[in-house]
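Residue numbers (the working numbering), protein chains in the order written: chain A, 32 to 212; chain B, 32 to 212; chain C, 32 to 212; chain D, 32 to 212.
All residues carry an ideal CB built from backbone N, CA and C; glycine is no exception.
Just below is one structure, and these are the notes that go with it.
There are 4 protein chains.
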Amino acid sequence: MDEFVTRGFAATRLDDIARRAGVAKGTIYLHFKDKESMFEELIRTAIVPLVGRLHAPPPSGSIRDVLEGFARTFIQEVATTRRGDIVRLIIAEGPRFPEIADFYYREVISRGLAGMRALIELAIARGEIRQRELANFPQLLVAPAIVAVVWKSLFERHCPLDAIEMFRVHLDLIFGERSKP
Amino acid sequence: MDEFVTRGFAATRLDDIARRAGVAKGTIYLHFKDKESMFEELIRTAIVPLVGRLHAPPPSGSIRDVLEGFARTFIQEVATTRRGDIVRLIIAEGPRFPEIADFYYREVISRGLAGMRALIELAIARGEIRQRELANFPQLLVAPAIVAVVWKSLFERHCPLDAIEMFRVHLDLIFGERSKP
Amino acid sequence: MDEFVTRGFAATRLDDIARRAGVAKGTIYLHFKDKESMFEELIRTAIVPLVGRLHAPPPSGSIRDVLEGFARTFIQEVATTRRGDIVRLIIAEGPRFPEIADFYYREVISRGLAGMRALIELAIARGEIRQRELANFPQLLVAPAIVAVVWKSLFERHCPLDAIEMFRVHLDLIFGERSKP
Amino acid sequence: MDEFVTRGFAATRLDDIARRAGVAKGTIYLHFKDKESMFEELIRTAIVPLVGRLHAPPPSGSIRDVLEGFARTFIQEVATTRRGDIVRLIIAEGPRFPEIADFYYREVISRGLAGMRALIELAIARGEIRQRELANFPQLLVAPAIVAVVWKSLFERHCPLDAIEMFRVHLDLIFGERSKP
DNA sequence: GATGAATGAGGCTTCATTCAT
DNA sequence: AATGAATGAAGCCTCATTCAT
């Protein structure tokens with residue numbers, strides 16, 4: 032997966048994968064049909080941990096706190112790490128691997144957005160969020176996370192981005208400005 | 032460019048490019064040093080029209096109207112079209128073509144964000160925007176556009192996204208809800 | 032090596048080498064980095080047997096007999112055979128492969144000439160050779176061998192050359208005419 | 032010719048020849064049928080001046096003086112200069128261009144050797160040379176010149192060679208040692 | 001006559017895949 | 001089950017040659 036993330040599907044060599052895995056090239060073919068199916072299986076496998084996170088904890092405190100915690104976790108454990116590159120990899124290779132895009136949509140996106148929408152509706156019901164239409168576009172809630180992932184991999188060295196702080200400001204826009212601690 | 036957008040850098044064949052361009056393979060080398068520099072030049076060339084747009088029009092009316100117009104233009108002429116794929120292409124290949132990422136940051140991102148920040152500060156000064164910290168993260172302003180571009184190329188067929196309406200809701204979050212027409 | 036000798040470096044095709052070697056084209060690259068390093072390694076390898084000969088035998092009989100034996104061996108086993116073509120190949124490609132010329136000078140030429148010089152000085156000390164200055168130009172001793180190699184590959188079919196007899200006459204010039212047997 | 036000499040036939044590009052000649056690439060084909068015939072014609076043309084020298088002046092003084100003058104001229108105007116490289120070029124490409132080798136043999140070698148033989152026989156008749164068999168191998172007379180040409184292009188930078196002095200020693204071997212001036 | 005842009009055959013090299021060991 | 005040498009299809013690139021201008 033590291034190799035695919037670093038170079039993309041086409042530019043990755045099975046030689047390198049084998050060396051990195053500490054096996055011979057032929058051994059790969061005992062586990063995978065070919066390079067393409069290996070790529071697809073690896074992506075699927077890599078996505079699973081993301082899926083795990085989506086079984087949201089029950090919203091005990093305020094929705095905003097839940098979201099802020101979620102955002103912090105996502106940014107620290109995904110956007111900043113190798114997992115964030117997997118997201119970028121899916122963006123990059125998705126159009127050529129529709130099955131991967133399908134799988135990703137089914138397992139991650141649709142569930143994640145459903146969860147977001149539920150949270151938003153709960154927050155609206157509780158009066159934490161005033162903008163009722165936000166429930167129609169749960170993508171807006173996670174948009175800064177996407178931006179953070181892209182920014183990290185392309186522009187971080189030109190201009191570092193404090194993704195957590197950015198997300199906090201984003202939540203201020205949604206929930207109303209919070210008095211600074 | 033179509034070929035590169037469709038397949039990515041490594042998987043694109045010069046044979047196909049030549050056929051699509053209606054020239055022989057050798058002819059390519061009268062114009063470009065090699066595949067890599069052709070890719071870089073094409074990306075640069077493709078970006079130029081985007082850059083032109085960034086010389087912002089003078090904010091005559093309300094900032095929100097300016098941004099809404101800008102968003103509509105961007106989504107209709109970039110996110111929906113082949114140009115949006117170029118943005119995706121840069122996200123995909125940027126890490127392996129640092130020069131392209133550099134160029135893109137210098138010519139598009141830094142200028143665009145500077146323009147956004149100026150607009151945000153103007154809006155804050157005029158009282159249109161209350162969240163002063165937004166000026167520190169102009170990325171937040173365009174985040175829905177990025178999401179739209181990615182969504183279009185990966186998930187549109189699973190779940191169409193009304194990007195313009197999404198952007199309108201986003202602006203409501205920033206400027207406060209506008210009374211429905 | 033046969034292919035390189037027959038066609039020269041640039042005109043030799045890896046296709047032909049592979050076919051001649053009875054392997055696939057790709058197999059070549061398991062053993063050599065590229066065409067150039069293959070050429071260089073082959074030349075080096077081909078020279079090794081020549082180098083072996085240069086560890087001179089102890090001059091038991093007269094120096095002239097030693098040289099006549101050496102010349103006979105050289106002409107029969109080098110000038111006449113495929114190895115002679117390697118000498119011609121080095122003359123032909125040397126200027127474009129400085130490393131080969133360097134290697135050849137270091138391993139063959141400088142050692143061979145040192146050996147020749149030692150023999151000449153010994154012969155002078157013994158009174159077999161009167162021309163003391165010959166020791167400054169050991170190249171003169173082997174000049175007919177070079178001429179023989181070149182002649183064989185270019186003009187043999189126009190006018191055969193008895194290289195051994197020529198060398199004998201050459202030795203007569205150096206050692207004084209020997210009474211015919 | 033400079034291009035061919037520097038790189039050999041196969042590695043020389045018509046692009047470079049055209050640029051050096053100050054004409055367009057297509058223009059070459061108004062004068063030559065193809066690269067091969069151009070090479071052959073150029074070699075032939077380049078050889079002509081060599082041929083001119085062979086119409087020997089009548090041997091007025093001693094044969095040895097004639098030869099020493101000839102050698103000095105040859106080494107200064109051929110071995111040291113670009114013309115010497117042409118000799119090397121013929122050695123290099125001769126086997127693949129039999130017509131050139133033929134032409135060279137006919138126009139230069141056979142005539143040159145005939146002239147040498149005549150000189151040798153004259154010197155024998157005059158008593159300047161004692162070794163009668165030398166007349167059978169006029170190649171021996173010019174062998175040091177060949178060695179000088181090869182040495183210059185391959186090993187000069189490792190160990191400079193005083194070709195004229197070497198030739199003088201060679202003549203000493205043939206004519207008997209001359210008292211030093 | 002001269003040009004030089006265009007061509008496309010052909011060469012070098014890579015790398016996914018196979019298979020005898 | 002694991003290996004890794006061997007394969008050969010396929011891609012990039014060069015350059016001799018052509019031909020419309």
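Proximity to residue i [Cα-Cα], best of the options
i, options, result
"A:N167", "A:M147, A:R103, A:R38 and A:V118", "A:M147"
"C:E72", "C:L98, C:F40 and C:G158", "C:F40"
"D:R50", "D:M32, D:E67 and D:I74", "D:M32"
"D:F186", "C:Y136, C:S184 and C:V118", "C:Y136"
"C:E124", "C:V79, C:C190 and C:T43", "C:T43"
"B:Q162", "A:E99, A:E67 and A:E208", "A:E208"
"A:I177", "B:E99, B:F206, B:I122 and B:E34", "B:I122"
"D:L120", "D:T58, D:V180 and D:A174", "D:V180"
"B:S184", "A:I48, A:G53, A:K56 and A:A132", "A:A132"
"D:F206", "D:Q170, D:E67, D:D65 and D:S93", "D:S93"
"B:L150", "B:R95, B:R127 and B:R188", "B:R95"
"C:L34", "C:R188, C:A102 and C:K66", "Reading the sequence as shown, one finds Glu at residue 34 of chain C and not Leu. Among C:R188, C:A102 and C:K66, the Cα nearest to that of C:E34 is on C:K66."
"C:F128", "C:A154, C:H189, C:M69 and C:V79", "C:M69"
"D:L153", "D:I48, D:G53, D:S91 and D:A55", "D:S91"
"A:I78", "A:R188, A:D203, A:V118 and A:Q170", "A:V118"
"A:F63", "A:P80, A:A110 and A:L45", "A:L45"
"B:R199", "A:A102, A:F101, A:V36 and A:L171", "A:L171"
C-beta neighbour in chain C for residue i, strict 8 Å
i, result
"D:D35", "Sequence check: residue 35 of chain D is Phe here, not Asp. Chain C, which has no Cβ nearer than 8 Å to the Cβ of D:F35, makes this no."
"D:G39", "yes"
"D:L165", "yes"
"D:I177", "yes"
Within-8 Å CB hit, residue i to chain A
i, result
"B:F105", "no"
"B:M197", "yes"
"B:V109", "no"
"B:I122", "yes"
"B:I205", "yes"
"B:L172", "no"
"B:E208", "yes"
"B:S184", "yes"
Contact with chain B by residue i, beta-carbon distance below 8 Å
i, result
"A:P169", "no"
"A:A77", "no"
"A:F101", "no"
"A:R127", "yes"
Test: residue i CB closer than 8 Å to a CB of chain D
i, result
"C:D96", "no"
"C:R161", "yes"
"C:L73", "no"
"C:R119", "yes"
(message) Which runs of the alpha helix (DSSP H) at least 4 residues long sit entirely within the region 104 to 134 of chain B? Give them in chain order.
(response) Fully enclosed alpha helix (DSSP H) runs of 4 or longer: 113 to 124.
(message) Counting only Cβ-Cβ distances shorter than 9 Å, please list the residues of the region 59 to 70 of chain B near chain A, keeping chain order.
(response) Along the region 59 to 70 of chain B, there is no position whose C-beta sits under 9 Å from a C-beta of chain A.
(message) Pairs of beta-carbons, one from the region 126 to 145 of chain D and one from the region 161 to 177 of chain C, closer than 8 Å: are there three or more?
(response) Too few Cβ pairs lie closer than 8 Å, so no.
(request) Spell out a yes or no on whether the region 94 to 113 of chain A and the region 190 to 205 of chain A are touching, meaning 3 or more CB-CB pairs, one atom from each, closer than 8 Å. (result) Yes, the region 94 to 113 of chain A is in contact with the region 190 to 205 of chain A.
(request) Pull out every residue of the region 135 to 159 of chain C whose Cβ sits closer than 9 Å to any Cβ of chain D, in chain order. (result) Y135, Y136, R137, I140, S141 and L144
(message) Using a Cβ-Cβ cutoff of 8 Å, what residues of the region 45 to 58 of chain D are near chain C? List them in chain order.
(response) none
(request) Can you check the region 57 to 86 of chain B for any alpha helix (DSSP H) of at least 4 residues that lies completely inside it and give the ranges in chain order? (result) You should have 66 to 84.
(message) For the region 148 to 162 of chain A against the region 113 to 131 of chain B, do three or more pairs of beta-carbon atoms, one drawn from each stretch, fall closer than 8 Å, so that the two count as touching?
(response) Contact fails: fewer than three Cβ-Cβ distances are below 8 Å.
(message) Just to confirm the assignment: which complete alpha helix (DSSP H) runs, minimum length 4, are found wholly within the region 155 to 194 of chain D?
(response) 170 to 185
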